[in-house]
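If you read the sequence shown in our numbering, its first letter stands for residue 3, the second for the next number, and so on.
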Amino acid sequence: AAAVDRVQKRGTTLDLLLFNAGTNAKGDSRAYGIGGLERSAFRGIVETNAVSQVIAAQAFLPLLRMSAQDTVGQPDGPSPAIVFISSQMGSIEIAMSPQVNAYSVSKAALNMVAVGLARELRDQGITVLTMHPGHVATDMGGASAPVKPEDSAKGIADVIASATPEQSGSFLDWQGKRLPW
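This is how it looks when you write it as structure tokens:
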């Protein structure tokens, strides 16, 4: 709420919301397998990876709506956008993990929120995308992951910059390839 107030006090609008929240219970058996899912570990992961982003989007949505109104009649400019960084681990079709895990469930929930939000906001001129950053060499992805953080970030920025309203509701990777839900 404080961040929303600061933007409003400046008298500016907001053109892009980019959510990149992600946590996992790496090595924590309480978050893997249906028999091992512990309520507190599961809740914490879902809260961070899905719920917190929805709450933040709700708070900032009025600023995006103002921005969308400002771009009416300007066909060459990008429309305001909400971008959720998800994971292909949240794709039900890809479903890489052999067991139920809280991370995949949380990212699948985030994907569903994004699809619903895209449908809700489509007629308001706000584009909603869900993106997979790739298997990135981070603390979570591991040092041997094939994608460098800077390459993922640049790819995501390029995809966002070229996104069209017709792509709203899409699940894309960091190179712009459409992924299955």
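Glycine included, C-beta positions come from ideal geometry on N, C-alpha and C.
- Membership of residue 39 in any alpha helix (DSSP H) is not indicated, and neither H nor E is assigned to it by DSSP.
- Taking residue 96 as the centre and dropping the five residues before and after it, the same chain places the C-beta of 90 closer than 6 Å to its C-beta, in chain order.
- Bridge pairing for residue 180: 174 [DSSP].
- Between residue 44 and residue 110, the C-beta gap is not smaller than 8 Å, which leaves the two residues out of contact.
- According to the DSSP assignment, residue 65 belongs to the alpha helix (DSSP H) that extends over 54–72.
- Setting aside the 5 residues that flank it on each side, residue 61 is surrounded in the same chain by 3 and 6, each with a C-beta closer than 7 Å to its C-beta; the list follows chain order.
- If you draw a straight line from the Cα of residue 147 to the Cα of residue 175, it comes to about 16 Å.
- Proximity to residue 124 across 182, 13, 67 and 57 peaks at 67, based on C-alpha coordinates.
- Residue nearest to residue 152 within the set 164, 88, 136 and 11 is 136 (criterion: CA-CA distance).
- Our two residues, residue 160 and residue 121, have alpha carbons roughly 23 Å apart in a direct line.
- Residue burial is scored here from C-beta neighbours: residue 42 has fewer than 16 other C-beta atoms within 10 angstroms and is therefore classed as exposed.
- Listed as beta-bridge partners of residue 83 by DSSP are 18 and 129.
- With a 10 Å radius around the Cβ and a threshold of 16 neighbouring Cβ atoms, residue 57 comes out exposed.
- Looking at the DSSP output, residue 134 bridges to 175.
- Distance from the Cα of residue 23 is smallest, within the candidate group 82, 11 and 55, for 55.
- Ranked by Cα distance from residue 80, the options 134, 17 and 181 are led by 17.
- Each residue's CA atom was taken as its position, placing residue 182 and residue 142 some 23 Å apart.
- Residue 177 is positioned such that its CB atom lies no closer than 8 Å to that of residue 129.
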